[in-house]
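Written out below as structure tokens is the structure these notes cover.
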Amino acid sequence: MIALVRRATVLCALGAALAACGTTGSSPRAPGPGPSATPASPAAAASSRPPTLAPGPAGLTPVFEHGPRTGGDRTVALTFDADMTADEGPRAAAGERFDNPELIATLRRLKVPATVFMTGRWAEEYPAEARSIGRDPLFEIANHSYSHYAYTDDCYGLPTVPGDRMRSDLERAYSAFGKAGVPDPMPYFRFPGGCYDRTALKALAATGVTAVQWDVVGGDAFATDSDAVARQVLDGVRPGSVVVLHCTRSAAPATERAVRAVVPELRRQGYRLVRVSELIGAARGRA
């Protein structure tokens with residue numbers, strides 16, 4: 523068994539056999555300035571890019587778990603994994619819903635900034651929704667792999683992406699985002715299952731992404747008790763927390779109801795809801 527650097531403690535969506543990765547897309551692109559008669563200066567161009575962490579030891583992909591714990595600004599990032607594995611198309615065709623438009627509508631109604639970690643297969647199945655989320659300034663879309671298969675062995679029963687396909691699996695997700703019309707997805711990556719090791723961090727180093735984990739498990743995967751999910755989030759949150767929840771109706775049916783309880787209470791406690799990019803920027807002294 524490969525020793526994991528870190529393993530998540532949240533139940534993941536059920537895995538499936540790895541589909542062959544026939545094409546690869548481009549590496550993640552940082553948002554650039556709009557057209558201008560005057561070229562932007564290098565400093566201005568750099569400031570417009572999403573914040574990322576510096577490479578880890580030996581140039582490995584850096585890993586982010588939470589923002590600053592101290593300071594006067596109490597921030598928390600709600601993140602939502604839009605999971606769909608590479609071979610779940612027949613289930614979607616039969617009527618199973620891997621999206622959750624009610625959740626997105628609630629986030630918009632409550633004006634909650636959020637980061638959606640989306641698989642490429644999800645974007646292929648729901649391109650109009652992916653495009654709508656990606657073009658809404660309230661949200662940011664980040665990469666959750668193409669296939670939602672594990673990047674290590676022994677990861678909650680998920681099939682494993684071979685080491686020589688890890689980078690192409692990530693890049694295929696970015697390609698799917700582009701085909702769906704998602705502008706400028708973020709250079710952030712969440713490992714399926716939260717499972718990674720040194721081999722995985724090395725395989726993705728050249729892509730320039732920051733791996734984003736979490737410090738609060740929402741516990742919404744396959745949960746039906748929204749009050750229990752809300753309590754688990756509220757009991758775990760600290761300043762700078764990254765909360766992991768899900769944006770898949772069939773696998774996380776209680777999430778939208780839990781969010782309706784969590785958001786007002788966090789605000790009552792003085793928390794400001796932000797996207798992951800702001801927490802990473804704060805960690806680098808840029809926010």
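If you count by the numbering used here, then the sequence shown holds residues 523 to 809, one letter each, in order.
C-beta: ideal position from N, C-alpha, C; glycine also.
Residue nearest to Phe699 in terms of C-alpha spacing, selected from Asp742, Glu662 and Ala652: Along the sequence shown, read from residue 1 onward, the residue named residue 699 stands at position 177. For Phe699, the nearest C-alpha among the options comes from Ala652.
Integer Cβ distance of Pro623 from His670, believed to fall under 8 Å: Start at 1 with the first residue of the sequence shown, and residue 623 comes out as number 101. Start at 1 with the first residue of the sequence shown, and residue 670 comes out as number 148. Not confirmed; about 20 Å, so no contact.
Backbone CA spacing between Thr777 and Val785 [nearest angstrom]: Here the question's residue 777 lines up with position 255 in the sequence shown. Here the question's residue 785 lines up with position 263 in the sequence shown. Rounded to the nearest angstrom, the two C-alpha atoms are 12 Å apart.
With 16 other Cβ atoms within 10 Å as the buried cut-off, status of Thr746: Along the sequence shown, read from residue 1 onward, the residue named residue 746 stands at position 224. Exposed: under 16 other Cβ atoms inside 10 Å.
Member of Phe620, Tyr673, Arg596 and Asp706 whose CA lies at the smallest distance from the CA of Leu801: Looking up residue 801 in the sequence shown gives position 279. The residue with the shortest Cα to Cα distance from Leu801 is Arg596.
Nearest-angstrom Cα separation, counted from Gln754 out to Asp605: Translated into the one-based positions of the sequence shown, residue 605 becomes position 83. Translated into the one-based positions of the sequence shown, residue 754 becomes position 232. C-alpha separation (whole angstroms): 21 Å.
Those runs of the alpha helix (DSSP H) which lie wholly inside the segment 592–660 and span at least 4 residues: The qualifying runs are 611–615, 623–631, 642–647 and 649–657.
Exposed unless 16 or more other CB atoms sit within 10 angstroms - verdict on Ser799: Translated into positions along the sequence shown, residue 799 becomes position 277. By the neighbour-count rule (16 or more Cβ atoms within 10 Å), Ser799 is buried.
Inter-residue Cα distance where the pair is Leu795 and Pro649: Taking the first residue of the sequence shown as position 1, residue 795 is located at position 273. Taking the first residue of the sequence shown as position 1, residue 649 is located at position 127. So the two alpha carbons sit approximately 26 Å from each other.
Supposed close pair Phe620, Ala664 - CB separation, criterion 8 Å: Here residue 620 is taken as the residue at index 98 of the sequence shown, counted from 1. Here residue 664 is taken as the residue at index 142 of the sequence shown, counted from 1. No, Phe620 and Ala664 are not in contact; Cβ-Cβ is about 17 Å, not under 8 Å.
From Val738, Pro612, Cys677 and Thr721, residue whose alpha carbon lies closest to that of Pro584: Position 62 of the sequence shown, counted from the start, is the residue given in the question as residue 584. Closest option to Pro584, Cα to Cα, is Thr721.
Burial state of Gly593 (16 or more Cβ within 10 Å): For this step, residue 593 is matched to residue 71 along the sequence shown. Looking at its Cβ environment, which holds fewer than 16 other Cβ atoms inside 10 Å, Gly593 is exposed.
Ala580 versus Ala727 - alpha carbon distance: Counting from one through the sequence shown, the residue named residue 580 turns up at place 58. Counting from one through the sequence shown, the residue named residue 727 turns up at place 205. Cα to Cα, the separation comes out at about 10 Å.
Alpha helix (DSSP H) segment containing Leu767, residue limits: Counted from its first residue, the sequence shown places residue 767 at position 245. Element bounds for Leu767: not the alpha helix (DSSP H) but the beta strand (DSSP E), Ser763 to His768.
Ala608 and Tyr696 closer than 8 Å at C-beta: Indexing the sequence shown from 1 puts residue 608 at position 86. Indexing the sequence shown from 1 puts residue 696 at position 174. It is not a contact, given that the beta carbons lie outside the stated cut-off.
Euclidean distance between Cα positions of Glu787 and Asp691: Start at 1 with the first residue of the sequence shown, and residue 787 comes out as number 265. Start at 1 with the first residue of the sequence shown, and residue 691 comes out as number 169. Looking at the two C-alpha atoms, the distance is approximately 38 Å.
Rounded straight-line distance, which links the Cα of Ala733 to that of Leu575: Position 53 of the sequence shown, counted from the first residue, corresponds to residue 575. Position 211 of the sequence shown, counted from the first residue, corresponds to residue 733. Cα to Cα, the separation comes out at about 9 Å.
Same chain, Cβ closer than 7 Å to Pro775, five either side skipped, listed in chain order: As a first step, residue 775 is located in the sequence shown; it is residue number 253 there, counting from the start. Closer than 7 Å at Cβ, skipping near neighbours: Thr746.
Per-residue burial, Gly589 [other beta carbons within 10 Å of its own, 16 or more giving buried]: Within the sequence shown, residue 589 is the residue found at index 67, counting from 1. Buried.
Element boundaries [alpha helix (DSSP H), containing Leu723]: On the sequence shown, residue 723 is found 201 positions in, with the first residue counted as 1. From DSSP, the alpha helix (DSSP H) with Leu723 extends over Arg720 to Ala725.
8 Å Cβ cutoff met for Pro761 and Arg591: Taking the first residue of the sequence shown as 1, we reach residue 761 at position 239. Taking the first residue of the sequence shown as 1, we reach residue 591 at position 69. Going by C-beta atoms, Pro761 is nearer than 8 Å to Arg591.
When Pro612, Gly730, Asp757 and Thr729 are compared against Gly740, the one with the closest alpha-carbon: If you number the sequence shown from 1, residue 740 lands on position 218. Out of Pro612, Gly730, Asp757 and Thr729, Asp757 has the C-alpha closest to the C-alpha of Gly740.
For Arg779 and Ser748, believed in contact at Cβ under 8 Å, the rounded distance: Sequence index remark: in the sequence shown, residue 748 carries index 226 (1-based). Sequence index remark: in the sequence shown, residue 779 carries index 257 (1-based). At roughly 4 Å, the Cβ-Cβ gap stays under 8 Å, so Ser748 and Arg779 are in contact.
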